[in-house]
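Have a look at the structure below before the remarks.
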Amino acid sequence: MATAKKPDRQFNGILSLGAEIRALRKVKGMTLTEFAEKTHKSIGYLSQVERDITKPSAGVLQIISEALGVDVGWFFPPGDDVDPKEQRYIVRARNRRRIAYSDMGFTDYLGMSDFLLSTNVDSNLAMGLTNLEPQGSTGDDAYTYRGEEAGYILDGTVDLTIDGESFVLVAGDSYSFPRTLPHRFFNAGPDVATFIWVISPVDLRSNYVTDET
């Protein structure tokens, strides 16, 4: 019989610093050994940080942030004016976190920017928002992931290629497909295209396929 996923440590329902670091590392497909190599810190030390046994200094947290490809602000509450109870469930527009991928970093050079709409990445699914500049894309080649994806076009025009077949989507259109099929997003229109997407399971890696273990 399958057991429910055990939630990470939380403070007032919000992920602790260590749990937030661990969750982000895992969805980026990074092992503790790889994490240690990127940060030049020992596996033991990083394990203690992730279990909230050791609190990293501001300098070390900056190193950790760079290794995980995010701004250090990713790990801090959005502000004193935000109710912790609300923070468990709600993401205000002003507090959206920018997504960087494990092997691509931030994707401005592709004409694409992604933002996390979910409260955190320690979940079975994640929701995000993508802005595609004119001629912007997810890359020159189609790519694959595990799991499934669905989305809704808010503004502009999106050319979506799935397994070699291309579709032109406009505001109000939606899509869904297995992420194991090669796919690519491209904006051939004159205006910025914006769409919301949901993925499951949560992975912030790029251009890969992996088997479930």
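Residue numbers (the working numbering): 4 to 216.
We put the beta carbon where it would ideally sit given N, CA and C, even for glycine.
Since this is a predicted model, take the numbers as computed values, not measurements.
Inter-residue Cα distance where the pair is residue 98 and residue 111: For the purposes of this step, residue 98 is taken as the residue at position 95 of the sequence shown. For the purposes of this step, residue 111 is taken as the residue at position 108 of the sequence shown. Looking at the two C-alpha atoms, the distance is approximately 20 Å.
- prompt: Do the stretch 197–208 and the stretch 147–157 touch if we need at least three Cβ pairs shorter than 8 Å?
  reply: yes
query: Do you know how far the Cα of residue 121 is from the Cα of residue 34?
result: Against the sequence shown, residue 34 aligns to sequence position 31. Against the sequence shown, residue 121 aligns to sequence position 118. Cα to Cα, residue 34 sits roughly 24 Å from residue 121.
- prompt: First and last residue of the beta strand (DSSP E) that includes residue 118?
  reply: The count along the sequence shown starts at 1 and reaches residue 118 at position 115. That run of the beta strand (DSSP E) goes 115–119.
- prompt: Excluding five sequence neighbours on each side, which residues of the same chain lie with their C-beta closer than 7 Å to the C-beta of residue 157?
  reply: For the purposes of this step, residue 157 is identified with residue 154 of the sequence shown, where counting begins at 1. Closer than 7 Å at the Cβ level, and outside the excluded window around residue 157, lie 174, 197, 198, 199.
- request: Taking only the alpha-carbon atoms, compute the straight-line gap between residue 12 and residue 43 and give it to the nearest angstrom.
  value: For the purposes of this step, residue 12 is identified with residue 9 of the sequence shown, where counting begins at 1. For the purposes of this step, residue 43 is identified with residue 40 of the sequence shown, where counting begins at 1. For residue 12, the predicted model reports a pLDDT of 43, less than 50, meaning its position is unreliable and no value from the coordinates is stated.
message: One question on the structure: do residue 26 and residue 123 come within less than 8 Å of each other, judged by their Cβ atoms?
response: Translated into positions along the sequence shown, residue 26 becomes position 23. Translated into positions along the sequence shown, residue 123 becomes position 120. Yes, the pair counts as a contact, with Cβ atoms nearer than the cut-off.
query: Is DSSP giving residue 195 helix, strand or coil here?
result: In the sequence shown, residue 195 corresponds to position 192, counting from 1. Here residue 195 sits in coil by DSSP.
- prompt: Any idea if residue 202 is buried or exposed, counting beta-carbon neighbours within 10 angstroms, 16 or more meaning buried?
  reply: Numbered from 1 along the sequence shown, position 199 holds the residue referred to as residue 202. The residue is buried, with at least 16 neighbouring Cβ atoms inside 10 Å.
message: To the nearest angstrom, how far is the alpha carbon of residue 20 from that of residue 95?
response: Here residue 20 corresponds to residue number 17 of the sequence shown, with the count starting at 1. Here residue 95 corresponds to residue number 92 of the sequence shown, with the count starting at 1. Taking the straight line joining both Cα atoms gives about 20 Å.
message: Using C-beta distances below 7 Å, list every residue in its chain close to residue 176, excluding the 5 sequence neighbours before and after it, in chain order.
response: Here residue 176 corresponds to residue number 173 of the sequence shown, with the count starting at 1. Result list for residue 176: 156, in chain order.
query: Applying the criterion that 16 or more other CB atoms from any shown protein chain within 10 Å of the CB defines a buried residue, is residue 56 buried or exposed?
result: Start at 1 with the first residue of the sequence shown, and residue 56 comes out as number 53. Residue 56 is exposed by the Cβ-count criterion.
message: Let's test the definition: count the other Cβ atoms within 10 Å of the Cβ of residue 90 and tell me whether it reaches 16, buried, or not, exposed.
response: Along the sequence shown, read from residue 1 onward, the residue named residue 90 stands at position 87. The residue in question, residue 90, is buried, as its Cβ has 16 or more Cβ neighbours within 10 Å.
- request: For residue 100, write down the residues that DSSP places opposite it in a beta bridge.
  value: If you number the sequence shown from 1, residue 100 lands on position 97. Answer is 119.
query: Around the C-beta of residue 73, are 16 or more other C-beta atoms found within 10 angstroms, so that it is buried, or is it exposed?
result: As a first step, residue 73 must be located in the sequence shown, where it is residue number 70. Buried is the call here.
- request: Find out if the Cβ-Cβ distance for the pair residue 113, residue 129 is shorter than 8 Å.
  value: One-based indexing of the sequence shown puts residue 113 at position 110. One-based indexing of the sequence shown puts residue 129 at position 126. No.
Buried or exposed (CB count within 10 angstroms, at least 16 for buried), residue 58: The count along the sequence shown starts at 1 and reaches residue 58 at position 55. Exposed, because fewer than 16 other Cβ atoms sit within 10 Å of the Cβ of residue 58.
query: Whole-angstrom Cβ separation of residue 187 and residue 145, contact assumed at under 8 Å?
result: Counting from one through the sequence shown, the residue named residue 187 turns up at place 184. Counting from one through the sequence shown, the residue named residue 145 turns up at place 142. Rounded, the Cβ-Cβ distance is 4 Å, consistent with contact.
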